[in-house]
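> Counting in the working numbering, the sequence shown runs from 36 upward without gaps. We put the beta carbon where it would ideally sit given N, CA and C, even for glycine.
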Amino acid sequence: MISLAAPDATMYWLSRRTRNDQFLLYCFAESTRTDSALHAEILQRCAAVPELRLRLHDDPTGLAYPMWIPAEPTAAHIRQHRLPTRHWPELLAALGRLTGTGVDAQVAPWRLHMFRGIRDSPVSDPQVTVVVLQISHALVDGRGASRIARGLFAGLTPPEPAPAASGSKPVPETGRPRPTGGGPEYPAGDAIPESASPGDNEPAAVPCADRVPTLHGAKLSAISAVCLAPLRAAVTLPVGVARTVRRGITAARARNELAALTAAGRVPPPGPGYPPGPLNRPTEVAGHTVRMLVCPAEAFRVPGFSVTVVGLTAVSIALERYLLGRGEQVTRLGAQVPMALPPRRGVRNNYRGLGVDLAAGEPDLRRRAAAIAAELAARRERARHPLHDAQDAVDAVLPPLLLRRDVRDYPIDSTPEQITGHTVVSSVNRGPADLTFGGAPVRFTGGFPALGSVMHLTHGIHGLSETVTLSVHADPGVVDPDTYAGHLRDAVRELPRLRD
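Now the structure itself:
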């Protein structure tokens, strides 16, 4: 069927060494429909999304790239969780446990998790249903995962009567745990364009059943492709090596040209990198905790600044105060921000991580935000330069044996001398709030970029119409999630000063 492109295969092989799944959370008003009716409806919707009708076949010889082959969604893909007490703190604990798991893309590259009847949520509904789409990063990037979720929850049925969503209220100071990964959803997520704000439409996935090939014919085609792939890869291996060498020479020339343009001031310089800090201890992840601050989108709409910049400013303030409160010296702070790239044929992961300085130590909030905005703009300008395409071209023809070896041997468990950022901040606009589940309307969305042996704190900024959710994914062995989330909450409350 369809062979994985090099970036997607990298994500798959990394998942064999560390957890890098994406977790997309959607909170809906509680539906009046029965569990069995909800399961039947969502399973029918899954069957209409082409990406959810696949699983991975990894060539046992290692000569060929893994391939996507047909696989129908089944009831086993959908899991309904029953909590001991159906309250928001118990849900957060369950979500923390969930983010420590990973799907096996060879069995099923996705799962859908349901939590019904949750009380005391950040919105006014007496009870809500929380649905989490867990999806392999090999299958899609953050932008693609949001598109799939929109295909699942697009309003195909009229919503049932439900109380009007009051303005989302920030999580209160007491009575609820407080808020944290992902290196490259990552990383997980794509930065909201500078001109975007929650509520802007993003392309919706509207998969049609008549575009999905029949499973019988697809299986026959898949069997043939799977059998021939190793032979074809073996025959073309010398050609692949030669292409890699040729394109490597071209990439080296492109790097030299980019360096010359940088020295001449025609291209912004690369990010300076940062020495690892207290949040980047080279230790195994001890556990997973999540916290969410659900805020009115108006708090993040500041003239002259994007939602991403406003969110990064809040993270900057919270990180600095948290570290100072722990007796740490803070001189420089940086965040790794995934940036969406234009689509490339056959590639499902189209993003690049940017190292953005967070202007630590700047006391004036508006000047801090302006410095972050300028830094983000410079990093984006450099990352979008066409000369970077030369390195992508090398990766595109790298023989699977070589790439698999590189991923296997990469020292993900050691701390480098310089890192792109001390935390990850993934920012995604998930479009208008026209989604439903069992006829019940959506209230907000969130997400949790993955943790790693060097990245023990990550953030999500996810907009859905009139709400923006700051999600925190933390390793409690390194970060106190409640103390940190308290600082983040205070920082959000100070955002109105950006308008002064």
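From the DSSP output, read off the bridge partner residues of I496.
Beta-bridge pairing links I496 to S462 and L505.
> So the beta strand (DSSP E) T109 belongs to, where does it begin and stop?
Element bounds for T109: n/a, residue is neither H nor E.
> Could you pull the DSSP bridge partners for T164 from this structure?
In the DSSP output, where bridge partners are listed per residue, T164 has F63.
> Answer with buried or exposed for T164, where buried requires no fewer than 16 other C-beta atoms within 10 angstroms of its C-beta.
It counts as buried.
> Starting from G381, trace the beta strand (DSSP E) both ways and give me its first and last residue.
Run containing G381: none; DSSP gives neither H nor E here.
> Between R129 and H112, is the Cβ-Cβ spacing less than 8 Å?
According to the sequence shown, residue 129 is Ala rather than Arg. Going by C-beta atoms, A129 is not nearer than 8 Å to H112.
> Buried or exposed: which applies to A298, given that a residue is buried once 16 or more other Cβ atoms fall within 10 Å of its Cβ?
A298 should be labelled exposed.
> Check whether the region 435 to 453 touches the region 139 to 156, taking contact to mean three or more Cβ pairs, one atom from each stretch, closer than 8 Å.
In short, these stretches do not touch, since the Cβ pair count stays below three.
> Over what stretch of residues does the alpha helix (DSSP H) that includes F188 continue unbroken?
G177 to F188 is the extent of the alpha helix (DSSP H) around F188.
> Expressed to the nearest angstrom, what Euclidean distance is found between the alpha-carbon atoms of V544 and V527?
The chain is shown from 36 up to 535; residue 544 falls before or after that span and cannot be answered.
> Would you check if the region 51 to 63 and the region 463 to 483 touch, i.e. whether three or more CB-CB distances between them fall below 8 Å?
Yes, since at least three Cβ pairs between the region 463 to 483 and the region 51 to 63 fall closer than 8 Å, the two stretches touch.
> Span of the beta strand (DSSP E) holding P476?
A475 to G482 is the span of the beta strand (DSSP E), which, as asked, contains P476.
> With DSSP as the reference, identify every bridge partner of Y309, one or two as the case may be.
In the DSSP output, where bridge partners are listed per residue, Y309 has I454.
> If distances are taken between C-alpha atoms only, which option among P307, S66 and W103 comes closest to A40?
The option with the nearest alpha carbon to A40 is W103.
> Does the ligand GTP have even one heavy atom less than 7 Å from the beta-carbon of A64?
Among the components of this structure there are no ligands whatsoever, and the ligand GTP is therefore not found.
> From the DSSP output, which residues share a beta bridge with S38?
Looking at the DSSP assignment, S38 forms a beta bridge with M102.
> Within a Cβ cutoff of 7 Å, which residues of the same chain sit near R121, ignoring the five residues on either side of it in sequence?
So the list reads G152, I153 and R154, once near-sequence residues are dropped.
> Quick check on this structure: which residue in G346, P85 and V342 has the alpha carbon closest to the alpha carbon of I37?
Of G346, P85 and V342, the residue nearest in Cα terms is P85.
> DSSP three-state call for T318: helix, strand or coil?
Reduced to three states, the DSSP call for T318 is coil.
> Could you tell me the distance, in whole angstroms, from the CA atom of E65 to the CA atom of P144?
Rounded to whole angstroms, E65 to P144 spans 27 Å at the Cα level.
> Specify, as a first and last residue, the run of the alpha helix (DSSP H) that I407 falls within.
Per DSSP, I407 belongs to the alpha helix (DSSP H) from L400 to A418.
> L358 and P421 look like a contact to me (Cβ under 8 Å); what is the Cβ gap, rounded to whole Å?
So it is not a contact: roughly 38 Å between Cβ atoms.
> Can you give me the Cβ contacts of G179 inside the same chain, cut-off strictly under 7 Å, excluding the 5 residues immediately before and after it?
R383, listed in sequence order.
> Measuring CB to CB, does R114 end up less than 8 Å from R146?
Cβ atoms of R114 and R146: closer than 8 Å.
> How would you write the range of the alpha helix (DSSP H) that H91 sits in, first residue to last?
Here the sequence assigns Leu to residue 91, which means His is not the residue at that position. Here L91 belongs to no alpha helix (DSSP H); instead the beta strand (DSSP E) covers L89 to H92.
> If you draw a straight line from the alpha carbon of P222 to that of D176, how long is it in whole angstroms?
Bear in mind that the predicted position of P222 carries a pLDDT of just 32, short of 50, making it unreliable; the figure below should be weighed with that in mind. Rounded to the nearest angstrom, the two C-alpha atoms are 9 Å apart.
> What residues match up with A370 in a beta bridge as DSSP calls it?
According to DSSP, which records beta bridges pairwise, A370 is partnered with V391 and T458.
> Could you give the first and the last residue of the continuous alpha helix (DSSP H) run that contains G521?
Unbroken alpha helix (DSSP H) run through G521: P516 to R528.
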